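Here the sequence shown stands for residues -21 to -1, 1 to 207, numbered as in mature numbering (1 follows the signal peptide of the UniProt record, and there is no 0).
Note that beta-carbon positions come from the ideal geometry of N, C-alpha and C, so glycine has one too.
Only a predicted model underlies this, so the values are computations on that prediction, with no experimental measurement involved.
Structure, as structure tokens:
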Amino acid sequence: MGPLRTLPSAFLFLPAGFISLVPYDMGRSLGEDTDRTRAIQEAAEEYKDKLRTALAPLQKKLKAFNEVKLVCDQTAEHIKSQAQRTERQIKMEFEKLQQFLKDEEAARIAALREEEEQKSQTMKEKIEKMTEVISSLSEQIRAIEQELGAEDISFLQSYKDTVKRAQCTLQDPETVSGALVDVAKHLGNLKYRVWEKMLGTVQYSEYWGQGVPHSHCTERIFSNLSTS
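The structure is reproduced here in structure tokens:
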């Protein structure tokens, strides 16, 4: 937009920034009244264009926050889905084991649910914050749009305050990262890690009178636990 045109002598910029009308002589012609009205309309339209330009970043910011909130909503649902799916997989693995493995199952599910709770709480707080910002931006935009629909003189008088409200100081919303359940931590090498833990608790024993090596005995014990 180019520089604002010089207003006709009918206008006076007051120190407070308002625009006032300086009356013409009582004997002014109808043509002068028409010129005065046209000048008001043109000035109002120019300032409206300027305000619309100032409003665009706010609208863009609102769109960005809405998009990130949508991702947050979807992520929150995905966390629950991940936790449920991971829990089912963990249970399938532990069904092959005896009471020791059931205790291990309970411990690992507890860790999973703790992580789910922590990350769900973090996402809940982020969603609440996004909702507050979106509400504030929406109210700010709504107030400015109401000013755009005001009478020309009223609009011009309140323009300075309105354009200040249109200034956006918010930072762009942060993208969602590292928010999902760490599935690899819960499922990665699960059998091996459990078996490794079992080695510290299972007592080795040989078949009496058979002279079976310890390694074979250990494999047989583990096989019996797995298939029983």
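Proximal residues to residue i (C-beta, below 7 Å), its chain only, five neighbours per side dropped
i           : result
alanine 122 : Arg144
Beta-carbon gap between residue i and residue j smaller than 9 Å
i                 : j                : result
leucine 34        : isoleucine 113   : no
phenylalanine 134 : glutamate 124    : no
valine 141        : leucine 30       : Reading off the sequence, residue 141 comes out as threonine, not valine. Yes, these two residues count as a Cβ contact at 9 Å.
methionine 177    : phenylalanine 79 : yes
8 Å Cβ shell around residue i - same chain, five flanking residues per side excluded
i             : result
alanine 55    : Ser99, Met102, Lys103, Ile106
valine 160    : Ile58, Gln61, Ala62, Thr65, Leu91, Glu94, Glu95, Lys98
isoleucine 69 : Glu84, Arg87, Ile88, Leu91, His165, Leu166, Leu169
glutamate 153 : Val47
residue 209   : The structure shown has nothing for residue 209, since the chain only spans -21 to 207.
glutamine 38  : Ile120
asparagine 45 : Ile113
Where residue i sits in the DSSP three-state scheme
i             : result
valine 142    : helix
glutamine 53  : helix
alanine 18    : helix
proline 36    : helix
leucine 159   : coil
asparagine 45 : helix
aspartate 151 : coil
alanine 129   : coil
glutamine 119 : helix
threonine 180 : coil
glutamate 25  : helix
glutamine 77  : coil
Of the listed residues the options, nearest to residue i (C-alpha basis)
i             : options                       : result
leucine 116   : Lys40, Phe134, Ala22, Glu130  : Lys40
alanine 22    : Gln136, Phe44, Leu37, Leu159  : Gln136
glutamate 130 : Asp14, Asp12, Ile19           : Ile19
threonine 16  : Ile132, Asp28, Asp52, Lys108  : Ile132
aspartate 52  : Trp174, Ala158, Glu24, Thr180 : Ala158
lysine 27     : Asp14, Thr13, Arg67, Gly128   : Gly128
Residues of its chain near residue i, where Cβ-Cβ distance is below 6 Å and the 5 sequence neighbours each way are ignored
i            : result
valine 50    : Val155
arginine 172 : none
proline 36   : Cys147
arginine 199 : Because the pLDDT at arginine 199 is just 43, under 50, the model does not fix this residue reliably, and the value given afterwards should be weighed accordingly. Cβ neighbours of arginine 199 beyond the five flanking positions: none.
tyrosine 186 : Note that tyrosine 186 has pLDDT 44, beneath the 50 cutoff, so the model's placement of it is unreliable and no number is given.
C-beta neighbour in chain C for residue i, strict 9 Å
i             : result
glutamate 126 : Included in the structure is just one protein chain, with no chain C present.
heavy atom of the ligand FAD below 8 Å from residue i C-beta
i             : result
glutamate 111 : Here there are no bound small molecules, and the ligand FAD is not part of this structure.
* Kindly confirm or deny that the segment 147 to 159 and the segment 77 to 97 touch, where touching means at least three C-beta pairs closer than 8 Å. => no
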